[in-house]
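Using our numbering, read the sequence shown as starting at 320 and increasing by one per residue. Ideal Cβ placement from N, Cα and C applies to all residues, glycine included. In what follows, a single structure is set out as structure tokens and then discussed.
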Amino acid sequence: MTRAAIDAAARKLAEHREIWEKKPVLRQLYSEWYGQIASFLGPGSTVELGSGPGNLKGARADVIATDIVPCPWLDAVVDAMRLPFRTNALGNLVLFDVLHHLAAPAQFFAEAARTLTRLGRVIIFDPYISPFSRLVFALAHPEPVDLSIDPLALAPAPEESKDPFDANQGFATRLFWKELDTTLSRLPGFRLVHRSRESLLRYPLSGGFGRSAFVPDWMFGPLARVERALAPFAPVLAFRTLVVLEKTG
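In structure tokens:
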């Protein structure tokens with residue numbers, strides 16, 4: 320990455336940290352998601368890749384928070400495709416809103432297989448492309464969706480051309496929902512422990528990090544109950560997916 324790209328990314332992450340402090344509904348949503356992630360953590364060291372504003376570390380102090388750009392609240396600068404950890408050294412790798420930013424996911428999974436201990440886990444929380452979320456993303460989200468692209472066939476981009484915010488929000492949906500069996504056959508060192516569709520209403524109505532919430536804060540409690548009632552319609556409405564892989568060898 321160029322110095323200009325690094326500086327721009329660091330400024331954006333700082334902006335996200337400020338928004339986080341000002342939006343209690345965002346903190347509430349993420350706290351629930353972090354609780355789900357924590358329930359799947361195995362023993363051993365936990366490294367979060369692409370930590371961004373560093374919010375998971377705020378909920379789990381033992382997490383090693385990293386990103387590809389330096390920020391004062393992070394523990395280390397780490398490239399997800401060139402992990403600076405010893406072989407069989409880590410218990411968990413967490414990627415929260417990171418998979419869809421990776422230039423070459425296959426290279427990351429190879430590094431994950433190398434650095435995780437036996438039964439170590441990769442925990443992914445990423446966009447899910449449902450009919451509803453695809454419409455909303457097309458109308459109101461700057462990151463593209465292209466389900467025709469095979470994430471595991473992508474070659475690493477030249478170092479100087481990297482932009483940490485380049486993205487394709489379709490990666491997790493294609494890999495772990497549309498082509499799960501094919502994906503697992505191409506990642507022979509891993510098995511699927513869990514996958515679920517998440518966030519039917521509250522996340523889009525929160526406005527995320529990009530805009531103000533579309534409903535008042537007091538409505539998010541009742542909306543949580545509505546989401547639970549709508550759970551059977553998650554394939555049509557969901558905005559997120561939680562995926563847990565476990566190293567088998």
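The shortest C-alpha to C-alpha distance from residue 475 to any of 499, 429, 441, 454 is the one to 429. The shortest CA-to-CA distance from residue 373 to any of 339, 322, 361 is the one to 339. The beta carbons of residue 521 and residue 543 sit closer together than 8 angstroms.
Listed in chain order, the non-local C-beta contacts of residue 441 below 6 angstroms within the same chain comprise 412, 431, 564, local neighbours out to five positions each way being set aside. Residue 539 and residue 566 have their C-alpha atoms spaced approximately 37 angstroms apart. Using a Cβ-Cβ distance cut-off of 8 angstroms, the region 509-528 and the region 545-558 are in contact, since at least three pairs of beta carbons, one from each stretch, lie closer than that value. Its chain contains 360, 361, 362, 363, 364, 365, 435, 436, 439, 440 as the residues whose beta carbon lies nearer than 8 angstroms to that of residue 410, once the 5 sequence neighbours on both sides are disregarded; these appear in chain order.
Annotated three-state conformation of residue 446 is strand, per DSSP. Put simply, the region 442-452 touches the region 490-497. At least three CB pairs are less than 8 angstroms apart. Residue 411 has 365, 440 as its beta-bridge partners, per DSSP. Contact annotation, residue 388 with residue 332: C-beta distance approximately 7 angstroms; criterion of less than 8 angstroms satisfied. If you look at residue 560, you'll find it isn't in any alpha helix (DSSP H); it sits in the beta strand (DSSP E) that goes 559-566. Nearest Cα to residue 371 within the set 355, 398, 351, 358: 398. The residues 374, in chain order, have a CB closer than 7 angstroms to that of residue 349 in the same chain once the five nearest residues on each side in sequence are set aside. The bridge partners DSSP lists for residue 515 are 561.
In its chain, beyond the 5 residues on either side, 419, 420, 462 have a beta carbon closer than 6 angstroms to the beta carbon of residue 486. In the displayed model, residue 402 falls within coil according to three-state DSSP, outside both helix and strand. Residue state for residue 386 is assigned as strand, using DSSP reduced to three classes. For residue 321, there is no enclosing alpha helix (DSSP H), as DSSP gives it neither H nor E.
DSSP places residue 500 inside the alpha helix (DSSP H), whose first and last residues are 499-505. When the alpha-carbon of residue 356 is set against those of 379, 452, 454, 336, the nearest one is in 379. Setting aside the 5 residues that flank it on each side, residue 534 is surrounded in the same chain by 524, 542, each with a C-beta closer than 8 angstroms to its C-beta; the list follows chain order. The beta carbon of residue 562 sits closer than 6 angstroms to the beta carbons of 443, 495, 514 from its chain, once the five residues preceding and following it are set aside; these are given in chain order.
Within the same chain, and ignoring the five residues on either side of residue 466 in sequence, the residues whose Cβ sits closer than 6 angstroms to its Cβ are 489, 493. The Cβ atoms of residue 483 and residue 323 do not sit closer than 8 angstroms to each other.
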